[in-house]
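2 protein chains.
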Amino acid sequence: MVNFTYQNPTKIEFGKGKEELIGTAIAEDNITKVLLCYGSERIKSDGLYEKVTTRLKEKGIAWVELSGIISNPILSKVHEGITIAKAEKVEAVLAIGGGSVLDSAKSIAAGALYHSDVWDFFIGKSVIEKALPVYAIMTLAATGSEMNGFAVITNDTIQQKYNIASLHVYPRLSILNPELTKSVPKNYLAYSAVDIIAHVIEGYLTANVQPHFQSRMVEGIIQTVMETTEILLQNPEDYNARAEFTWAATQALNGVTTAGTNPSVSKSHDRTLTLSTVQHCSRCGFSDCDSCVDDMVSYSKSRTI
Amino acid sequence: MVNFTYQNPTKIEFGKGKEELIGTAIAEDNITKVLLCYGSERIKSDGLYEKVTTRLKEKGIAWVELSGIISNPILSKVHEGITIAKAEKVEAVLAIGGGSVLDSAKSIAAGALYHSDVWDFFIGKSVIEKALPVYAIMTLAATGSEMNGFAVITNDTIQQKYNIASLHVYPRLSILNPELTKSVPKNYLAYSAVDIIAHVIEGYLTANVQPHFQSRMVEGIIQTVMETTEILLQNPEDYNARAEFTWAATQALNGVTTAGTNPSVSKSHDRTLTLSTVQHCSRCGFSDCDSCVDDMVSYSKSRTI
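Read top to bottom, the protein sequences are chains Z and F.
Using the working numbering, the first residue of the first sequence is number 1, and each one after it goes up by one.
Using the working numbering, the first residue of the second sequence is number 1, and each one after it goes up by one.
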C-alpha cells in the first residue's frame, strides 16, 4: 500500500423518514437562510418539497430557490445559483435531488465565497479555500456525491467538462432515505447501477497497488449492486434492496476503496473528458445509455465477479 | 437495513514516515501544550519518542507526560492523567501506543473538562459534552480505537470494566505508520489478529439485519487478517502485509461494518464484562491468550470463510 490521507467529515442520516430531520439539523448549525437547489418539479408533486419547506419554516429558516438543474449539470446554471446566493446572502446550500443537483450545490457553495469566476477552480487557476456549508437530501442513489468532495460540471459555453475536489465542499450532512428513490424509472435505476460499478471498477482496474481488503470491498459493492438491481427491476417496492443499493452507491465513492491503491485515475478521467461533447449516459458519463443497460444486464447475468 | 446515523470525523495519515507530521498537525490546530501518553519505555529505545518530541519542539509545542499505561488500561491511571492535564492546563492529549494508551488518552481528554469523576461517563451517570482534542500515533494495530469514539477502561478499585462512546473523543488525527508496529512480538500479533476478527464477528453474528455489503466487508476484513497474519508470522519485515493488516484493523471498528445492521452488541458486551475480573487476552478481551492463538491459527488454516 502506498501512503495516503483519509478524512471524510460528512454526517450521514440513513433510513426511512430521515428527511424530517433537515430543519433541526440546519438550525443546529445556526443557519437562518439557505439556497434550495433542485431539478424537476417532481419533488413538488410527490410531496417532498412540501415536507422539507415545512421543516424549514418550523425552524425559522428562510430560503430562496434554484430549480431546473439538469443531468450532466452545466456551469451557466451554477453561475445563476451563485448570483442568487450572493444577492440573497444565503448562509448554506441545500440540495434535493441526485448527483447533478448536489454537484451544482457544491459548486455554488464554493463560488458564493469567491471573488471571481468559479470555473477557475475547475481548470486549476485557483484553489477552493472556503465554501458555504452544503446539505443534501438524495432522491437518486448513484453518484456517491453525498459523501465526497467532488463535483463535475460541464462548461456549456466552451464544452469542457471538469471536476473540483476539495474538503470544503463535502456535504456537512447528507440524508439518504432509500424510499425517496422509489420514483426513479427503471432505465435510470440501471444507469445508476452502471454508474456505481463504474466508480469502483475505475479504481480497481487502474490501481498500481492492489490491497486485498480494498479489492474485496470493491467486489462486495459490485455483487451487492448486481443483486439488488435485479431485485429492484422486478420489484421496485423492495425497501431492503433499495437500502443496500443506496449504501453501496455511497461506499463506492467515499474514498475508502482507493485508499492506498494509487489509482491512475487520470486515465479514466481522460476517457470521460473525451466523451464530454457527445451524448452519453445521463449519469454514468461513459457511453450511450441503452448499451449501458444492455451491458449491465448481461454483466449481471453472467455473475463473473 | 435499519435506520442509522454515520459520522466519523477522524483524519487518518497512513504510511511510512507519517509520524513526522505530528508537530505540524498539532500546531495547525493552534495547540501549544499537550499531555503525551505512552506505555512502556520502548518508544525511547526505538527512537520514536525522540522523533516525536523533536517535531513538537520544532513547532514550539510544550508537553508533560503520563507513562506506564498498561494493557487493559485502568481507571487509576486515567485519574493520574486527568490530574496532570488539569494542573498543567494542557490543550490536547497525544497518545503514542496501542489501543490501551489511546483509550486512556480519550478518557483523560473527556475527564479533563469535567468537574467530577470521569467514571461517571462509564456508568451512565453523566454524558460527555466536550473533550480535549485527541491525537494518536499508533504502534500496534488491533483495537480500531484510532478511528472511533470508544474507550474501554477497567475500574481497578471495584473491578468493573465499562466503555464510553462519544463523538467528542474521536481522535482528531490518527497516524498509522505500519512500520511502527514491527517491534510487536509474534504472540501479540496473533492476539491482535484475534482482536480484529472478534470486532467484526461480534457484529456479524449478532446482527438482526444482514446487509450483503456489510457482510462482505466483514468477510474481506477476516480474509485479509488471516492472510496477512500468516505472512507476518513468517516474515515480520513484509511492509505490505503489515499495511494491509493495519488498515483492516481500522476498518473493523470504525462503524461501517455495523451500519444499518442493528447488532445486539449488548450480548457481546455482556460477555466481555463477565470476563472483566479474570485474566484474559491482553487486547482481545475474550479469553486466555494461548487458546486465542491456537484458535486463530487453526481458524486461519481452515480458510472456511
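Glycine is no exception: its CB is placed at the ideal position from the N, C-alpha and C atoms.
Residue i and residue j closer than 8 Å at C-beta
i, j, result
"Val-97/Z", "Gly-39/Z", "Here residue 97/Z turns out to be Gly, not Val, going by the sequence shown. Taking 8 Å as the Cβ cut-off, Gly-97/Z and Gly-39/Z qualify as a contacting pair."
"Val-78/Z", "Leu-35/Z", "no"
"Asn-177/F", "Lys-16/F", "yes"
"Leu-66/Z", "Glu-91/Z", "no"
"Lys-182/F", "Leu-233/F", "no"
"Thr-224/F", "Ala-190/F", "no"
"Thr-257/Z", "Gly-203/Z", "yes"
"Ala-27/Z", "Ile-61/Z", "yes"
"Ile-123/Z", "Val-52/Z", "no"
"Met-217/Z", "Gly-220/F", "yes"
"Lys-33/F", "Lys-89/F", "yes"
"Thr-206/F", "Ser-264/F", "yes"
"Val-209/Z", "Thr-261/Z", "yes"
"Asn-8/Z", "Tyr-170/Z", "yes"
"Phe-14/Z", "Asn-3/F", "yes"
"Ile-22/Z", "Ile-231/Z", "no"
"His-115/F", "Glu-227/Z", "no"
"Arg-55/Z", "Glu-20/Z", "yes"
"Ile-70/Z", "Val-118/Z", "no"
"Gln-214/F", "Ala-259/F", "yes"
Of the residues the options, the one placed nearest residue i, counting alpha carbons only
i, options, result
"Tyr-135/F", "Thr-54/F, Glu-146/F, Ser-126/F, Ile-128/F", "Glu-146/F"
"Leu-253/Z", "Tyr-6/Z, Val-2/Z, Met-1/Z", "Tyr-6/Z"
"Leu-113/F", "Ile-123/F, Glu-129/F, Asp-103/F, Tyr-239/F", "Glu-129/F"
"Phe-121/Z", "Leu-140/Z, Gly-144/Z, Gly-99/Z, Ile-164/Z", "Ile-164/Z"
"Ser-166/F", "Thr-228/F, Lys-106/F, Gly-144/F", "Lys-106/F"
"Ile-84/F", "Ile-108/F, Leu-102/F, Ala-95/F", "Ile-108/F"
"Cys-37/Z", "Ile-31/Z, Tyr-49/Z, Ala-27/Z, Glu-219/Z", "Tyr-49/Z"
"His-168/F", "Asp-103/F, Leu-75/F, Ile-69/F", "Asp-103/F"
"Leu-180/F", "Ala-141/F, Gln-210/F, Thr-157/F", "Ala-141/F"
"Thr-157/Z", "Leu-75/Z, Gln-214/Z, Asp-238/Z, Tyr-188/Z", "Leu-75/Z"
"Asp-46/F", "Thr-139/F, Ser-215/F, Arg-242/F, Met-226/F", "Thr-139/F"
"Phe-245/F", "Lys-59/F, Ser-100/F, Val-184/F", "Val-184/F"
"Ala-241/Z", "Lys-125/Z, Val-152/Z, Ala-193/Z, Ala-87/Z", "Ala-193/Z"
"Lys-11/F", "Ile-82/F, Ala-151/F, Asn-3/F, Ala-25/F", "Ala-25/F"
"Pro-73/Z", "His-115/Z, Ile-82/Z, Gly-99/Z, Ser-215/Z", "Gly-99/Z"
"Lys-44/F", "Asp-29/F, Gly-23/F, Leu-21/F, Gly-68/F", "Gly-68/F"
"Ile-196/Z", "Gln-251/Z, Thr-54/Z, Glu-20/Z, Leu-56/Z", "Gln-251/Z"
"Ala-198/F", "Tyr-188/F, Ser-71/F, Ile-222/F, Gln-214/F", "Ile-222/F"
"Val-101/F", "Asp-117/F, Phe-150/F, Trp-119/F", "Phe-150/F"
Beta-carbon neighbours of residue i, restricted to chain Z and to distances below 7 Å
i, result
"Glu-129/F", "Near Glu-129/F there are no residues of chain Z at all, since even the closest Cβ is about 15 Å away, more than 7 Å."
"Met-217/F", "Met-217, Gly-220"
Residues that residue i bridges to, as DSSP identifies them
i, result
"Thr-154/F", "Ile-74/F, Lys-161/F"
"Met-138/F", "Gly-97/F, Leu-176/F"
"Lys-11/F", "Leu-173/F"
"Leu-63/Z", "Leu is not the amino acid found at residue 63/Z; the sequence shown has Trp there. In the DSSP output, where bridge partners are listed per residue, Trp-63/Z has Val-34/Z."
"Thr-5/Z", "Glu-13/F"
"Gly-92/F", "The question names Gly, but residue 92/F in the sequence shown is Ala. Partner(s): Val-34/F."
"Leu-263/Z", "Residue 263/Z is actually Pro in this sequence, not Leu. Ala-207/Z."
Proximal residues of chain Z, C-beta to C-beta of residue i below 9 Å
i, result
"Glu-322/F", "Since the first residue of chain F shown is 1 and the last is 305, residue 322/F is not available in this structure."
"Trp-247/F", "Met-1, Pro-211, Phe-213, Gln-214, Ala-259, Gly-260"
Chain-ordered chain Z contacts of residue i [CB-CB under 8 Å]
i, result
"Ala-320/F", "This structure cannot settle anything about residue 320/F, because the visible part of chain F is limited to 1 through 305."
Under 7 Å by beta carbon: chain A residues contacting residue i
i, result
"Asn-240/Z", "Considering every chain present, this structure includes no chain A. Its protein chains are Z and F."
Positions along the stretch 180-213 of chain Z whose CB lies within less than 7 Å of some CB in chain F: Pro-211, His-212, Phe-213
Contact residues within the stretch 221-237 of chain Z, judged by C-beta distance below 7 Å to chain F: Ile-221, Gln-223, Thr-224, Glu-227
Short-range partners of chain Z found in the stretch 5-33 of chain F, where Cβ spacing is below 9 Å: Thr-5, Tyr-6, Gln-7, Asn-8, Pro-9, Thr-10, Lys-11, Ile-12, Glu-13, Phe-14, Gly-15, Lys-16, Gly-17, Lys-18
Residues within the stretch 154-177 of chain F neighbouring chain Z, beta-carbon criterion of under 7 Å: none
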